[in-house]
Structures are given as structure tokens and as C-alpha cells.
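Undergrad: First the structure, then my questions, so here it is.
Protein chains: 2
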Amino acid sequence: MNNFRLTTYLTSNIGADKSIIDQLLSHCAIRQYKKGDFLLRQGEKCEYSFFVENGLLRQFSIDDKGKEHIIQFAPENWFMSDRESVYFNQPSTYFIQALEYTTVFLVAETLLLELAKTDAAFLAFNNKLLHNHIRHLQRRITQLQSATAEERYLYFTKIYPDLTLRVPQILIASYLGITPESLSRVRKELAGKNHKK
Amino acid sequence: MNNFRLTTYLTSNIGADKSIIDQLLSHCAIRQYKKGDFLLRQGEKCEYSFFVENGLLRQFSIDDKGKEHIIQFAPENWFMSDRESVYFNQPSTYFIQALEYTTVFLVAETLLLELAKTDAAFLAFNNKLLHNHIRHLQRRITQLQSATAEERYLYFTKIYPDLTLRVPQILIASYLGITPESLSRVRKELAGKNHKK
DNA sequence: TCCGTACATTGACCTATGGTAAGAATTATT
DNA sequence: AATAATTCTTACCATAGGTCAATGTACGGA
């Protein structure tokens, strides 16, 4: 019996028996990426959902002024993909890059659809992923619309506690939509506040 | 033969024959809302996708400081729902409100699932809605992360050309994540620029 | 028609965040 | 260990956008 994170993840998220999950796994490529490697580049079509077995990915875009904007991080047990590109079969506007030495399962969209024919649980599973994704995106919008830099940072440390240490601040700043300098100031102020107590 | 917008919408989005679409329609309630009426309030469970046959809806949240933030507008031919609440069966964090006298089809989530058993096209359709939604949310995030107030306003007028006239500026400002005063200034500047040409 | 309410504009001022630049600290590379 | 390359911090000033208050404007209800 293997003990991949993906196995555990699927077991606790799909009501399917193990043989079927093994079947899924047997059709998924495993790949390793070094720090800095790209899993997807702007302009390419995205064909997979990437499951992070180990390591860390980031998804980002580059705007007209050449600035990077991080949409999302994906540490262990997270899926990352450009759903838009996969589904509408269009070139992606995003990059996906490894921030550490990272082990990934490539789950082909077509594979999931194939398996769904035999076992509806896979369909339900994909549906759950989509809804989780929507939930996540909606929270981000609310944050970006209303919260200050400080609030956003605090929220970030709350939902990604380990990333605060793993990821350089310059990237956290990009995720939060502020400059690294601003983040530095925010952290300084927070340190001051905590100290006074 | 009816000529609802929803019929047209479904016909061009699902490869199903008309009898099935009529079947769907026959199970959907039609409802009318006056300007200001709520279709959903914070704390309630959302059970429907609302299709706007005529009129205009907005979806918004209220933050800790009592400020409203508009997530989305839905004019004719748009679906609006709190997917999060529907799917995870949780109380919604959003309000949905009619901004004009509005006619809406209530599409129950359970109904779609039911129909999907007979005709896979409905499943595919729901999937398309989800992906459209994700696309839309992702664009908004990119906007909020990187664009200035002026850029965001210009983008807004591009994707919702008619709303620019239909919706009071105070609401557009709320959608853009800026104050009405700022929007007023942005418009003034833009007017100046256009004049010089 | 008048009034009241909501919306829009404008100006004066303020604050949070951005831009730039330099130096300190950390991390990677040889 | 030494050097190079990032990254982080800090200080200074610039600016977009927020806040508050005053005034103007449009619209709906009696």
C-alpha cells in the first residue's frame, strides 16, 4: 500500500474504494521540479491539474507594466491548475512555477472525465474542487476590495501559517498586492504592537 | 412556443432538445421583485441559481465596519447565486438584491442534478457555468491586484457598457472598491482627457 | 408643485501605500 | 571561507485615494 498524500487526499474526499483510486493514480504521471522550474507558461495550454505531493508552487501573471502578480500558492495537498485554460482550451495567461524542489502528480482533465463514467464519485469530487476554488477566489476578492495591507497580511498568516516562513516576503507582497517595502513596514508596525502588550 | 431569454440561453448553451428544456422551465419558479427587494440575505441559505430574465441584481457583502462591497452585478441573461452557500449548504455571507423591477427564474440546484441523470447535457451546462464563474472571479482578482481606479473603471465600462448608465455611480464605486468621490474625480479626469483630443 | 431623499460634485485636508535609493542581512554559489 | 546575488530594512519624498463637509442636482411621493 502506497502512502502518497494524494491517496490520503482522495480517500478522504471521494467515497470510492481503493482499487479505483489506485487506478486513477496509475494513470497520473509523477514529476519532479527543481526550484524555479516552470510547469506552465503564459501562452501555453494548461492540460492538467497539478497536485502537490511535496514542495510548493506559485501561480502568477505578468501585467502590461511587466509586474508579477501572484494569484495563489499551492503547498502540499493543494491542487493547482488554470481551469480557464483547461476548460475553454485556450492559451493560459498564467505561469505556474516551483518555488522549492517539488513533487507533483499530473491529473489530466480527460482522465477525470473518463473515470467519471465508471464512478460518479469522481464527478462529485471534481465538482467539489471547483467549488472549493470558487470559495477561495471569492474570499480573495472580498479581501482585496476591503482590507488594508495589514489586515490582508494577518489573514494570509492565518490561512497559510507555514508559508509565512517558507516564502520570501517579496512573494508574499506580490500575493497581497502590495510592494515588498510596504510589507516590511507593516511587519515592523505589527512587531511594535505585539511588543507593547 | 415561449420566448423567454432563459429558453434562448439554454438552447444556445445546451445541446438538449426543446422538450427537455421545457421540462426544466416547467420546474423553475418565476418570480418578480421590486426595486430594493432582497432575494437572499446574509445568514440565509442560498438554494437557487437566479437567472435574470429582465431587470438587474446585485450581490454584495457588508464588512465589519458596516461597509458594503459589491461582488457582482447581474443584468439580463446572467446567472447569480452564492455557489458557496448552495454547495456547502452553509449560511450565505452575501446579500442579493434587485436594483430594478426584476423578473427572475429560480433554478434549484437539486433540479439540475435531477435532470443531469437523464441528460448529461445539463451536467455539462452546469460545469460551464462554474467555469465561466471562475473565469470571471479570476479576472476580478487580477484587476483588484494591479489596476488603478481609472483602469478598473475603464474595464468596467467595457464589460458592462449598459450598466454605466443604468447603475448609480455610488454602486459602481462599491463594485470597483473605491469611494464615490474618487470615482467622480476619475470621471472628471477622463472627461478632460477625451476633450483635449 | 413642492418637498424630501438620495445621488453627484467639488474642495481642503489626511493617510496609506508606492517609488527610489542606499545600506544591512541573509542566502546561494564557487 | 569568500564572493556574489537576493532579499530585507529604513529613510525620504511623491501620489492615489480616503475622509469630511458643503453645495448642487435629480428624482419620486404626497
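Chains as they are written, first to last, in the working numbering: chain A, 1 to 197; chain B, 1001 to 1197.
The beta carbon of each residue, even a glycine, is placed where N, CA and C say it ideally should be.
Keep in mind it's a predicted model, so treat the numbers as computed, not measured.
With DSSP collapsed to three states, give me the class of residue 1086 of chain B.
TA: Helix at residue 1086 of chain B.
Undergrad: Are the beta-carbon atoms of residue 53 of chain A and residue 103 of chain A separated by less than 8 Å?
TA: For residue 53 of chain A and residue 103 of chain A, yes; Cβs fall inside 8 Å.
Undergrad: From the DSSP output, read off the bridge partner residues of residue 1104 of chain B.
TA: BP columns for residue 1104 of chain B point to B:1031, B:1052.
Undergrad: Which of the three DSSP states, helix, strand or coil, is assigned to residue 146 of chain A?
TA: Reduced to three states, the DSSP call for residue 146 of chain A is helix.
Undergrad: Within 8 Å (strictly less), CB to CB, does residue 1087 of chain B reach chain A?
TA: Residue 1087 of chain B counts as touching chain A.
Undergrad: Mind listing, in chain order, the continuous alpha helix (DSSP H) runs of no fewer than 4 residues lying wholly within the segment 1112 to 1169 of chain B?
TA: With a minimum length of 4 residues, the continuous alpha helix (DSSP H) runs that stay inside the segment 1112 to 1169 of chain B are 1120 to 1146, 1149 to 1159, 1163 to 1166.
Undergrad: Strictly below 9 Å CB to CB, what residues from chain B border residue 36 of chain A?
TA: Simply none; closest approach about 23 Å.
Undergrad: Quick check on the DSSP output: the beta strand (DSSP E) that includes residue 1057 of chain B runs from which residue to which?
TA: Element bounds for residue 1057 of chain B: 1057 to 1062.
Undergrad: Anything in chain B within Cβ reach of residue 17 of chain A, meaning under 8 Å, just list it in chain order.
TA: Correct list: empty, because the minimum Cβ distance to chain B is about 22 Å.
Undergrad: Could you compute how far the alpha carbon of residue 4 of chain A sits from the alpha carbon of residue 20 of chain A?
TA: Approximately 15 Å, taken between the alpha carbons.
Undergrad: Hey, could you find the ends of the alpha helix (DSSP H) residue 1021 of chain B is sitting in?
TA: Residues 1018 to 1026.
Undergrad: Is it true that the CB of residue 97 of chain A sits closer than 8 Å to the CB of residue 80 of chain A?
TA: It is not a contact, given that the beta carbons lie outside the stated cut-off.
Undergrad: If we call anything under 8 Å between Cβ atoms a contact, is residue 1106 of chain B one with residue 1185 of chain B?
TA: Taking 8 Å as the Cβ cut-off, residue 1106 of chain B and residue 1185 of chain B do not qualify as a contacting pair.
Undergrad: Between B:1099, B:1083, B:1092, B:1095, which has its C-alpha nearest residue 1109 of chain B's C-alpha?
TA: The option with the nearest alpha carbon to residue 1109 of chain B is B:1083.
Undergrad: Please state whether DSSP places residue 91 of chain A in a helix, a strand or coil.
TA: Note: residue 91 of chain A maps to strand in three-state DSSP.
Undergrad: With C-beta atoms as the reference, is residue 1099 of chain B less than 8 Å away from residue 1057 of chain B?
TA: Result yes, Cβ atoms of residue 1099 of chain B and residue 1057 of chain B sit closer than 8 Å.
Undergrad: Flag this pair as touching only if the segment 61 to 73 of chain A and the segment 1145 to 1163 of chain B have three or more C-beta atom pairs under 8 Å; answer yes or no.
TA: Cβ pair count under 8 Å is three or more, so yes.
Undergrad: For chain B, find out if any of its Cβ atoms is closer than 8 Å to the Cβ of residue 158 of chain A; answer yes or no.
TA: Cβ-Cβ to chain B under 8 Å: no for residue 158 of chain A.
Undergrad: Along chain B, in chain order, which residues have C-beta atoms closer than 8 Å to that of residue 212 of chain A?
TA: Within the shown structure, residues of chain A are numbered from 1 to 197, placing residue 212 of chain A beyond reach of any answer.
Undergrad: Using only CA atoms, which one of B:1152, B:1061, B:1035, B:1091 lies nearest to residue 1230 of chain B?
TA: The structure shown has nothing for residue 1230 of chain B, since chain B only spans 1001 to 1197.
Undergrad: Compare the C-beta of residue 1142 of chain B against all C-beta atoms of chain A and say whether one is closer than 8 Å.
TA: So yes, residue 1142 of chain B belongs to the interface.
Undergrad: Do you know how far the Cα of residue 1111 of chain B is from the Cα of residue 1014 of chain B?
TA: Approximately 16 Å, taken between the alpha carbons.
Undergrad: In terms of alpha-carbon separation, which member of B:1018, B:1002, B:1117, B:1061 lies closest to residue 1177 of chain B?
TA: The shortest C-alpha separation from residue 1177 of chain B is found at B:1061.
Undergrad: Can you check which of these residues, B:1010, B:1093, B:1034, B:1188, is closest to residue 1078 of chain B by C-alpha distance?
TA: Among B:1010, B:1093, B:1034, B:1188, the Cα nearest to that of residue 1078 of chain B belongs to B:1010.
Undergrad: If I'm right that residue 42 of chain A touches residue 101 of chain A with Cβ under 8 Å, what's the distance once you round it to whole angstroms?
TA: 23 Å between Cβ atoms; not a contact.
Undergrad: Would you decide whether residue 1120 of chain B is buried or exposed? Buried here means 16 or more other CB atoms lie within 10 Å of its CB.
TA: With fewer than 16 other Cβ atoms within 10 Å, it is exposed.
Undergrad: Note the first and the last residue of the continuous beta strand (DSSP E) segment covering residue 1039 of chain B.
TA: Unbroken beta strand (DSSP E) run through residue 1039 of chain B: 1038 to 1040.
Undergrad: In three-state DSSP terms, what is residue 196 of chain A?
TA: Residue confidence for residue 196 of chain A is low, a pLDDT of 47 falling below 50, so the modelled location carries little weight; the figure read from the coordinates is stated next. Residue 196 of chain A: helix per DSSP, three-state reduction.
Undergrad: If we cut at 8 Å on Cβ distances, does residue 1170 of chain B have a partner in chain A?
TA: Closer than 8 Å: no.
Undergrad: Report back the beta-carbon spacing between residue 1191 of chain B and residue 1182 of chain B to the nearest angstrom; my notes put them in contact at under 8 Å.
TA: Contact flag wrong, Cβ pair sits at about 15 Å.
Undergrad: Chain B partners of residue 145 of chain A, CB-CB under 7 Å?
TA: What residue 145 of chain A touches in chain B: 1069, 1144, 1177.
Undergrad: Could you say which of A:168, A:193, A:162, A:179 lies nearest to residue 76 of chain A if we only look at CA atoms?
TA: The shortest C-alpha separation from residue 76 of chain A is found at A:162.
Undergrad: Determine the DSSP secondary structure at residue 1044 of chain B, reduced to helix, strand or coil.
TA: Reduced to three states, the DSSP call for residue 1044 of chain B is coil.
Undergrad: Within its chain, find whatever has a CB closer than 6 Å to the CB of residue 1049 of chain B; leave out the 5 residues flanking it on each side and keep chain order.
TA: Counting only Cβ-Cβ distances below 6 Å, and skipping sequence neighbours, we find 1079, 1081, 1107.
Undergrad: In the structure shown, what three-state DSSP assignment does residue 966 of chain B receive?
TA: Because chain B here runs from 1001 to 1197, residue 966 of chain B falls outside it and cannot be looked at.
Undergrad: For residue 189 of chain A, collect the residues of the same chain with a Cβ closer than 6 Å to its Cβ; drop the 5 residues on either side in sequence, then sort them by chain order.
TA: Hits under 6 Å: none found.
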